[in-house]
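What follows is a set of notes on a single structure, which appears directly below.
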Amino acid sequence: MRRMKPLGEALPEALDALGLAATARAAMAVTLWPDVAGPHTAAHSCAVAFQEGVLVIVTDHSVWEQELSLLKPGLLAEYRRRLGKGVVRDLRFRVNAQQVRARVGQRQGETSAQTPPDPPAASRAAEPAVPRRQAEHPDPEIARLLEQVYAEEARQRQTRREGAPVCGRCGAPNPRRGSLCPACRVEQQTG
């Protein structure tokens with residue numbers, strides 16, 4: 005009589021035998037993004053594609069794209085720890101605020117892809133102008149860059165609260181209501 009194998013051993017063997025191992029690893033890489041990135045980062049980004057070892061991450065703003073680029077070595081190390089070496093070999097980042105809002109909304113069980121409403125005025129007044137999150141990164145240079153990111157986010161939130169026009173794609177302040185900002189226009193034209 006053959007002894008039963010633990011599921012952790014049997015499943016990878018079965019997927020290999022069926023030729024589905026690569027597909028399963030791709031699905032795992034995309035699905036694990038919120039856990040690898042953490043809840044705060046995952047609220048501003050989502051994994052959208054995986055091909056030939058490259059995981060494509062979409063962010064809701066260029067500031068997040070830059071932050072994730074700085075955090076890339078640590079993110080890749082976490083993927084290696086969870087999925088094994090060589091599964092996720094690189095991360096590519098791009099900006100598409102609408103896609104992130106739709107995906108994050110689905111993840112959180114929302115029925116629409118609308119931007120969540122601002123908190124009530126009383127809680128906004130209690131918010132510091134720049135959140136203090138230096139403890140999130142021990143490197144002082146990266147902590148300084150994160151402070152700049154958070155300050156820019158706070159400035160943009162204030163701009164939106166005041167009713168200033170914003171880019172319909174990335175949410176950045178934009179002098180022309182209902183149009184794309186210069187960066188998004190260039191990205192759209194170059195394809």
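First residue of the sequence shown: 5, per our numbering; consecutive thereafter.
The beta-carbon is built from N, C-alpha and C at its ideal position, and this holds for glycine as well.
Since the model is a prediction, treat every value here as computed from it, not as a measurement.
Between L22 and the rest of its own chain, which residues show a CB-CB distance below 6 Å, the 5 nearest in sequence each way excluded? Within the sequence shown, the letter at position 18 stands for residue 22. Counting only Cβ-Cβ distances below 6 Å, and skipping sequence neighbours, we find nothing.
Using the DSSP secondary-structure output, state which residues sit across from R50 in a beta bridge. Position 46 of the sequence shown holds residue 50. For the sequence presented, residue 50 should be read as Cys rather than Arg. In the DSSP output, where bridge partners are listed per residue, C50 has V62.
Just how far apart, CA to CA, sit V104 and V67? Indexing the sequence shown from 1 puts residue 104 at position 100. Indexing the sequence shown from 1 puts residue 67 at position 63. Those two C-alpha atoms are separated by around 14 Å.
Would you mind giving the Cβ-Cβ distance between V58 and R93, rounded to the nearest angstrom? I have them listed as a contact below 8 Å. Sequence index remark: in the sequence shown, residue 58 carries index 54 (1-based). Sequence index remark: in the sequence shown, residue 93 carries index 89 (1-based). With a contact defined as Cβ atoms closer than 8 Å, V58 and R93 qualify at about 7 Å.
Consult DSSP for P38 and reduce its assignment to one of helix, strand or coil. The residue labelled residue 38 in the question sits at position 34 within the sequence shown. Looking at P38 - three-state DSSP - the assignment turns out to be helix.
Are the Cβ atoms of V40 and R86 separated by less than 8 Å? In the sequence shown, the residue the question calls residue 40 occupies position 36. In the sequence shown, the residue the question calls residue 86 occupies position 82. It is a contact, given that the beta carbons lie within the stated cut-off.
If you check the beta carbons only, do V153 and R98 fall under 8 Å apart? On the sequence shown, residue 153 is found 149 positions in, with the first residue counted as 1. On the sequence shown, residue 98 is found 94 positions in, with the first residue counted as 1. Their beta carbons are not under 8 Å apart, which means V153 does not touch R98 by this criterion.
Beta carbon of A26, beta carbon of D64: below 8 Å? Position 22 of the sequence shown, counted from the start, is the residue given in the question as residue 26. Position 60 of the sequence shown, counted from the start, is the residue given in the question as residue 64. No.
Are the CB atoms of P177 and V170 within a distance shorter than 8 Å? Along the sequence shown, read from residue 1 onward, the residue named residue 170 stands at position 166. Along the sequence shown, read from residue 1 onward, the residue named residue 177 stands at position 173. Going by C-beta atoms, V170 is nearer than 8 Å to P177.
Return yes when the Cβ of A81 is within less than 8 Å of the Cβ of F54, no when it is not. As a working mapping, residue 54 is identified with position 50 in the sequence shown. As a working mapping, residue 81 is identified with position 77 in the sequence shown. In this structure, F54 keeps its C-beta atom at 8 Å or more from the C-beta atom of A81.
Can you give me the start and stop residues for the beta strand (DSSP E) that R98 sits inside? If you number the sequence shown from 1, residue 98 lands on position 94. Where R98 is concerned, the enclosing beta strand (DSSP E) stretches over D94 to V99.
By Cβ distance, which residues of its chain are closer than 6 Å to V52, with the 5 residues on each side in sequence left out? Taking the sequence shown and counting its residues from 1, the one referred to as residue 52 is at position 48. Cβ neighbours of V52 beyond the five flanking positions: V60 and V62.
Buried or exposed by the 16-neighbour rule on C-beta atoms within 10 Å, applied to E145: Here residue 145 is taken as the residue at index 141 of the sequence shown, counted from 1. Counting Cβ neighbours within 10 Å, E145 comes out exposed, since fewer than 16 surround it.
Leaving aside the five residues before and after L74 along the sequence, list all residues of the same chain whose C-beta is less than 7 Å from its C-beta, in chain order. Locating residue 74 in the sequence shown gives position 70, counting from the first residue. Correct list, in chain order: I146 and L149.
Would you decide whether L79 is buried or exposed? Buried here means 16 or more other CB atoms lie within 10 Å of its CB. On the sequence shown, residue 79 is found 75 positions in, with the first residue counted as 1. So L79 counts as buried.
Keeping to the same chain, check which residues put their C-beta closer than 6 Å to that of Q138; ignore five residues upstream and five downstream. In the sequence shown, the residue the question calls residue 138 occupies position 134. Confidence at Q138 is low in this model, with a pLDDT of 42, below 50, so the placement of that residue should be treated as unreliable; the coordinate-derived value is given next. Same-chain partners within the cutoff: A147.
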